[in-house]
Structure formats: structure tokens, C-alpha cells
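Protein chains in written order, with numbering that gives the first Met the number 0: chain X, 0 to 152; chain U, 0 to 270.
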Amino acid sequence: MSRISVEVNGERHSAEVEDRTLLVHFLRESLRLTGTHVGCDTSQCGACVVHVNGKAVKSCTMFAVQADGDSILTIEGLSKHGVLHPVQAAFQEHHGLQCGFCTPGMIMTAVDLLTRHAKPDDALIRHELEGNLCRCTGYLNIIKAIQAASQAV
Amino acid sequence: MYPASFRYWRASTVHEAEQMFNSASDPRYVAGGQSLIPAMKQRLANPSDLIDLSRISGLSFIRRDGERLVIGAGTRHADVAASAEAQRAIPALAHLAGLIGDPAVRHRGTLGGSIANNDPAADYPAAVLALDAVVTTNRRNIPAGAFFTGMFETALQEGEIVTEVTFPLAARAAYMKFPNPASRYAMPGVFVAEHGKSVRVAVTGAAACVYRAAELESALSGQFRPQSMTDVTIRADEFTSDLFASAEYRANLVKVMAQRAVGSMLSSRNG
């Protein structure tokens, strides 16, 4: 067991974790932040993407103890005062989700890519989304939503 | 999926990491963990102790040193891909870094971790071998040609830690990769580098370990153009056959990727 201290969505949390606890399980089970999903659990699907120190990572492929001292942003921390983040609003507006399972990871990945590429073209968005799978195959509207968000951000 | 239990240690210096390693029964180093953690989750790796190298200061840097580019072992793939210094010095290397895994994997994975793991289909080993890089550890310098020794095997000894890799600048270089559509691993990837009059061609994702394709190198030593390789027979007897590609298909892809790499080197000023 290790004691870790992390900032999640602006709030400081201190907790005892088993060293083998994956970051995604710490977020979902200890902090009850269930917006971050476990899809494939094998680093492929991207449903578990969160930001650690401002960078998108797969929280199923990192131990909670590795994040000790870090700052984490999950899908729950994106909206401010009840107002959706521009990427969330664009997904809603452009029907960028069907079943919604991949959506938290898609949105966290999209927010990350828009911080690195202000005006991405479709090819770049597709390249950047290669670590996120949508089993509804709703990619066209996801790309449309990210394009729209890039105008709004 | 949970891995077996282990104890986690965070090292702040290379020396401390080595001490932690020496006092544990079955330890493993972890840097980005993008290969090791999935292997632990599948219980293919069950270390007693996990020693985290990622917080050691001074292992993450990209530095131009005359006709060489030196990259710290802890440097993340995303940082190499986005580095103006790397793009200027060896554009093919920055390009390769941007093709590894996906953006989230590139934010965690490191150069040192990739080459120490030596996955048969990893991208970096092809660049290290074709560019004739030197791998520096906490104990010695290891030339690329002696570093990659077999499937998931390297010349690294117990407890040895890669600290940096020195890449000589190539006159021209290119990396062409046929990615597995699901995993994005090379299936295969071919790195071609021209140093003066000599040409080095390294192939990953085809056999059990990255290797230099002597038959392609000698074909290119005549006339450096894609057509020089048309009649070369790629020996596939030691190639991997799996549900994604037969050995023969991989052999064909090696030639096609090599031809595309050479084609791109000829059409761009700097590869």
C-alpha cells in the first residue's frame, strides 16, 4: 500500500492505494468518478483517457501510485458552472455520440488534440483519434464535432 | 484486470534506482510503462518490485551536439515528435516517434523504455540500428549493432539503465511503416539511412528482432533508387507468420516499404 496525493478536477485527494491499483480504478472506485470508462482494458480503445498534468493518457495503462503528486482532469472536470466545455457542446450539437460509451475518452482526446493543434484538418483529426474506438462507428460526426469545436475554442 | 501484487518505488536518481533494483528479489524498471503495464495486467510479467525511472531528473532532453542528436532515455515519444530540434536534425526520427502507438501512448512511452524492451515490432529499434546510434547506460556505451540481441532481449545486464541515445545525423533518412491496423505496431517498418557513401537499412516487425537487411543495403550501394531493389529476394525463412500476415506477405512489405522510403528520400531535400 502507498499513500498518494493527487489533484483531481481541481480538488486535492489523499488516499491509501494498493500499488497495483490502476489509475482508472482509483478514479472510478475510490473517487466515484465513473465518467471515465473501462472499455477494452488493453490500451486500445481510449474510453479511459484522462489528462495527467495536462496530457491525455490511458488511465488503464498507468498505476494510481505513478500519479502521486500529479494533477488530473477527468470528463467530470470539463464543464464549468454547469456550462458545457466547447468540445462537449459540439459533440451534443453535431450528434458526436450514439451509445455514448466512448464519448468521455473521445472528448478528453479531442480537448488534448485541440490544445496542440488549433486548426486541425480532417486527416489530422483521424490520425489523432487512432487510439480511440467507437463501436457504433460514429466517427464522421465525431470528426465534425471536433472541427466545429476548433472554431469555437 | 489487475496485475499480481508488487511494491512500487520511485527513484530520484539513476544511482538510487540501481540500489533499489539490487535490494529487490525480482525487480523491473518502469519508465512510461506502455508495454510493461499491459504485460503485467496479462500476468506475462510479474515483478516483485517496480522501480519508476520516470521522475529521475535529467533523463528527458533533446540536444544537438555538432553532427549528433542526443536524446535522453526518459524523453517521451510525443516530445521527440514535436521537437523542432529533432525535426531539423533527423526529420525521419521525429516522424517515426509520431507514428508510435497513439497520442496517449506517446505521452507516456519513452525512448529508453522502447529500446530496452526491444519488442520485435517496435519502431525505435529500427531508427537506432539504421542510424548507427550509440546507447549510453549508467555503465558503458553500447553501439546499436551490439544492442539488440533477440526477441525482447538486449545487451543490457541486470540492473543496467539506459540514460541516453546518441544518433549521428544522416545525410538522408526515411522511415516507412505498414502499421497493423489495430495495434499500430510495425508490420513491418523499414528505416533507411544514408551516411556518406554507405546505406543502412533496418527492418522491424518482420522477424523476432530488428535486423539490418544486407541484401537491400548491397542493392542500394549500386544505384540509390527504389528500382534497384526490384529483383532482390527478401529471405523470409525466419520471418513471423501470424493471423495478420504470413512470412511471405511480410517479406513483400519489407521490399515495398524500403522502396517507398528510398523514394521519399530522393523526392525530399532532407528525408
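Virtual Cβ for every residue (Gly too), placed ideally from N, Cα, C.
Anyone know if the C-beta pair for Tyr-174(U) and His-94(U) falls short of 8 Å? yes
Since Met-61(X) meets chain U, which of its residues come closer than 8 Å, beta carbon to beta carbon? Gly-32, Ile-36, Arg-107
Cut-off 8 Å between Cβ atoms - residues of its own chain near Asn-269(U), not counting five sequence neighbours on either side: Bear in mind that the predicted position of Asn-269(U) carries a pLDDT of just 47, short of 50, making it too unreliable to give a figure here.
On the criterion of 16 or more Cβ atoms from any shown chain inside 10 Å, does His-84(X) qualify as buried, or is it exposed? Buried is the call here.
Nearest by alpha-carbon distance to Ala-213(U): which of Arg-224(U), Gln-226(U), Gly-204(U), Ser-197(U) is it? Ser-197(U)
Option in Leu-52(U), Ser-22(U), Ser-217(U) with minimal Cα separation from Val-231(U): Ser-217(U)
How many angstroms separate the CA atom of Met-228(U) from the CA atom of Ala-16(U)? 47 Å
In the structure shown, what three-state DSSP assignment does Ala-14(X) receive? It is a strand residue.
So is Lys-79(X) buried or exposed if we call it buried at 16+ other beta carbons inside 10 Å? exposed
Report the option in Ile-141(U), Asn-45(U), Arg-211(U) whose CA atom is closest to the CA atom of Phe-5(U). Asn-45(U)
Of the choices Gln-146(X), Leu-132(X), Thr-136(X), whose alpha-carbon is the least far from that of Ile-124(X)? Gln-146(X)
Mind checking Val-116(U): buried by the 16 CB within 10 Å criterion, or exposed? Looking at the sequence shown, residue 116(U) is not Val but Asn. Its Cβ being crowded by 16 or more others within 10 Å, Asn-116(U) is buried.
Alpha carbon of Ala-109(X) to alpha carbon of Ala-121(U), nearest angstrom: 26 Å
C-beta atoms of Ala-30(U) and Leu-52(U) nearer than 8 Å: Inclusion of Ala-30(U) and Leu-52(U) in the CB contact set at 8 Å is warranted, their separation being smaller than that value.
Under 8 Å, CB to CB, which of the residues in the segment 169-191 of chain U have a partner in chain X? Ala-181, Ser-182, Arg-183
Please return the same chain residues whose Cβ sits closer than 6 Å to the Cβ of Leu-32(X), not counting the five positions on each side in sequence. Leu-26, Thr-73, Glu-75
Between which residues of its own chain and Arg-42(U) is the CB-CB distance below 8 Å, once the five residues before and five after are set aside? Pro-2, Ala-3
What is the DSSP secondary structure of Arg-115(X), reduced to helix, strand or coil? Secondary structure of Arg-115(X) (DSSP, three-state): helix.
I'd like to know if Tyr-28(U) contacts chain A, where contact means its C-beta is closer than 8 Å to some C-beta of that chain. Absent here is chain A; the protein component of the structure consists of chains X and U.
With respect to the alpha helix (DSSP H) encompassing His-106(U), which residues constitute its N-terminal and C-terminal limits? Unbroken alpha helix (DSSP H) run through His-106(U): 102-107.
At the 8 Å Cβ level, is Tyr-1(U) part of the contact set with chain X, yes or no? yes
For chain U, is any of its Cβ atoms less than 8 Å away from the one on Ala-147(X)? no
Taking all protein chains shown into account, do 16 or more other C-beta atoms lie within 10 angstroms of the C-beta of Val-82(X), making it buried, or fewer, making it exposed? exposed
Strictly by DSSP, which residues pair up with Lys-79(X)? Val-82(X)
I'd like to check one pair, Leu-112(X) with Pro-102(U): are the Cβ atoms closer than 8 Å? yes
Since Ile-70(U) contacts Leu-110(U) with CB under 8 Å, what's their CB separation in whole angstroms? 6 Å
Closest to Glu-237(U) by C-alpha separation, out of Pro-180(U), Ala-257(U), Gly-149(U), Glu-157(U), would be which residue? Of the listed residues, the one whose Cα sits closest to Glu-237(U) is Gly-149(U).
Per-residue DSSP class, three states only, for Ile-61(U): Annotated three-state conformation of Ile-61(U) is strand, per DSSP.
Scan the segment 105-147 of chain U and note each continuous beta strand (DSSP E) run of 3 residues or more that stays entirely inside, going in chain order. 133-136, 140-142
Would you kindly report the start and end of the unbroken alpha helix (DSSP H) that includes Ile-145(X)? 138-151
When you compare each of Cys-133(X), Gly-34(X), Asn-140(X), Gln-150(X) to Pro-119(X) by their alpha carbons, which one comes out closest? Gln-150(X)
Does the separation of the CB atoms of Leu-46(X) and Phe-90(X) fall below 8 Å? It is Ala, not Leu, that sits at residue 46(X) in the sequence shown. No; because the gap between Cβ atoms is not below 8 Å, this pair is not in contact.
From the DSSP output, read off the bridge partner residues of Pro-26(U). Asp-48(U)
Can you check whether the C-beta of Gly-195(U) is within less than 8 Å of a C-beta belonging to chain X? no
is_contact[Arg-6(U), chain X] using C-beta, thresh 8 Å: yes
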